[in-house]
Amino acid sequence: MMKIKSMVFCLFVCMFTACTTGRNKNIIHIGMVDGWAEGVAMTHIAKVIMEEKGYRVVIQRATPDMILASMNNGDTDLYMDVWLPLTHGSKVAKFPNLKALGTSYNHARNGLVVPDYVTIDRIEELKKHEKEFDKRIIGIEKGAGITRAIDQVVTDYGLDYKHVNSSTVAMITELQNAIKAKRWIVVAGWQPHWMFAKMKLKFLEDPKKTLGEAEQIKIFARKNFNVEQPELAVFFSKVSFDESTMADLLSKMEESKDKDRTAKQWIEQHNNLVAGWLE
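What the sequence shown shows, in the working numbering, is residues 635 to 913, in sequence order.
Listed below in structure tokens is the structure:
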């Protein structure tokens, strides 16, 4: 009798554990890197759309590596800002439990960026203007894919420059201050980004292709997300922005102090586009 009671108790405990540790399908955890304009904008658009469909969305702010690792472990559901093939290719390759759902943007680009008044056009010309640039390339966070790529640029082009890493916000602030003073500056830059609409900038040509060519921005999910959330998987497979809609979104988000409110307004203004995602 005691053995039977013990078995019943164990069964009850197992059932209770299964119930309490089971995933709530109405709660979606989505990773986001603060300061990365395109990822922030797309995440808030998705958040508003999902919440209107009855989901509760939890934004998890972290670095790309932490987000990908969390998604690989099944703790984070989605990440909308994976750049391939170059920027995040080596990062994604480390995690086998990730699945690409769709491509949200086809015309992304990384590079070294200067103000348009700077009179050079190619990366190798940096060698002749070390004094004007103070031998510095202003970068962003150390964990970013573009940071690793620019370190490689310094090596491939034999540049005697220091790659200064801080944050995206700090990089943009330094860029803005340099432009106000008409100072020469070279920074880690990428498109899509609102800074190209707000400032007159240009990419330096990269004949060695160290920084790659066109990049795609992919939406990734944890393993089995498409099985457990088939409707959302189909939705994210359709989410896509062209150059004009992305530029419009980034411009509005950059000026916004309430991202969700701005996302709602943008969705209303682009109702036909969003309706296609939801078909």
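Glycine included, each C-beta is placed from N, C-alpha and C at the ideal position.
Problem - Any 3 or more C-beta pairs closer than 8 Å across the region 763 to 781 and the region 802 to 810 - result: In short, these stretches touch, since the Cβ pair count reaches three.
Q) For the region 733 to 747 against the region 817 to 825, are there 3 or more C-beta pairs whose distance is under 8 Å? A) A contact exists between the region 733 to 747 and the region 817 to 825.
Item checked: Among Ile693, Asp750, Pro719, Lys687, the one whose alpha carbon lies nearest that of Arg817 -> By one-based count along the sequence shown, residue 817 stands at place 183. Out of Ile693, Asp750, Pro719, Lys687, Asp750 has the C-alpha closest to the C-alpha of Arg817.
Below 8 Å between beta carbons: does that hold for Ile757 and His763?
Locating residue 757 in the sequence shown gives position 123, where the first residue counts as 1. Locating residue 763 in the sequence shown gives position 129, where the first residue counts as 1. No, Cβ-Cβ distance for Ile757 and His763 is not below 8 Å.
Would you give the residue range spanned by the beta strand (DSSP E) that Gly772 belongs to?
-> Walking along the sequence shown from the start, residue 772 turns up at place 138. Note that residue 772 is Ile in the sequence shown here, rather than Gly. 770 to 772 is the extent of the beta strand (DSSP E) around Ile772.
Exercise for the section: Give a yes or no on contact between the region 850 to 857 and the region 692 to 712, applying the rule of three or more CB pairs nearer than 8 Å. Expected result: Enough Cβ pairs lie closer than 8 Å, so yes.
- [ ] In the DSSP assignment, find the beta strand (DSSP E) that holds Pro749 and state where it starts and stops.
- [x] Start at 1 with the first residue of the sequence shown, and residue 749 comes out as number 115. Taken as a continuous stretch (DSSP letters only), the beta strand (DSSP E) holding Pro749 covers 732 to 749.
Fill in: Segment limits, beta strand (DSSP E) that includes Met714
Counting from one through the sequence shown, the residue named residue 714 turns up at place 80. Residues 712 to 718.
- Message: Which of the three DSSP states is assigned to Lys765 in this structure?
- Response: One-based indexing of the sequence shown puts residue 765 at position 131. Collapsing the DSSP output to three states places Lys765 in a helix.
inquiry  = Between the alpha carbons of Lys834 and Ala812, how many angstroms are there, rounded?
reply    = For the purposes of this step, residue 834 is identified with residue 200 of the sequence shown, where counting begins at 1. For the purposes of this step, residue 812 is identified with residue 178 of the sequence shown, where counting begins at 1. Those two C-alpha atoms are separated by around 12 Å.
**Q.** Beta-carbon spacing of Glu672, Asp715 below 8 Å
**A.** Start at 1 with the first residue of the sequence shown, and residue 672 comes out as number 38. Start at 1 with the first residue of the sequence shown, and residue 715 comes out as number 81. Yes, these two residues count as a Cβ contact at 8 Å.
**Study point:** Segments of 3+ residues assigned as beta strand (DSSP E) that fall wholly inside the region 795 to 878
**Key:** Segments of the beta strand (DSSP E) lying fully in the region 795 to 878: 796 to 798, 821 to 825, 835 to 837, 849 to 856.
Q: May I ask you to verify whether the region 859 to 866 touches the region 882 to 890, counting CB pairs closer than 8 Å and requiring at least 3?
A: With fewer than three CB-CB distances shorter than 8 Å, the region 859 to 866 does not count as touching the region 882 to 890.
Among Ile664, Lys832, Glu865, whose alpha-carbon lies nearest the alpha-carbon of Glu889? Translated into positions along the sequence shown, residue 889 becomes position 255. Selection Ile664, Lys832, Glu865 evaluated against Glu889 yields Lys832 as nearest (Cα-Cα).
Which same chain residues end up closer than 7 Å to Asp840 when comparing Cβ atoms and leaving out the 5 residues on each side of it in sequence? Sequence index remark: in the sequence shown, residue 840 carries index 206 (1-based). Sequence-distant partners of Asp840 (beyond 5 residues in either direction) whose C-beta falls short of 7 Å from its own C-beta, in its chain, are Gly745, Ile757.
Exercise. Can you name, in chain order, every residue of its own chain whose Cβ lies under 8 Å from the Cβ of Asp894, other than the five neighbours on each side?
Worked result: On the sequence shown, residue 894 is found 260 positions in, with the first residue counted as 1. Cβ neighbours of Asp894 beyond the five flanking positions: His678, Lys681, Val682.
* To do: Please say whether Ile780 and His797 have beta carbons closer to each other than 8 Å?
  => Along the sequence shown, read from residue 1 onward, the residue named residue 797 stands at position 163. Along the sequence shown, read from residue 1 onward, the residue named residue 780 stands at position 146. Cβ distance not < 8 Å, so His797 and Ile780 don't count as in contact.
Are Gly777 and Thr697 closer than 8 Å when you measure CB to CB?
To locate residue 777, count along the sequence shown from 1; it is residue 143. To locate residue 697, count along the sequence shown from 1; it is residue 63. Thr697 sits close to Gly777, with the two beta carbons spaced by under 8 Å.
Using a Cβ-Cβ cut-off of 6 Å (strictly less than) and excluding sequence neighbours within five positions of Arg782, which residues of its own chain qualify?
Locating residue 782 in the sequence shown gives position 148, where the first residue counts as 1. Within the same chain, no Cβ atom closer than 6 Å to the Cβ of Arg782 is found once the five residues on either side in sequence are excluded.
Q. According to the neighbour-count rule (16 or more other Cβ atoms, all chains shown, within 10 Å of its Cβ), is Lys687 buried or exposed?
A. Residue mapping note: residue 687 aligns to position 53 of the sequence shown, counting from 1. Classification of Lys687: exposed, given that the 10 Å Cβ count is below 16.
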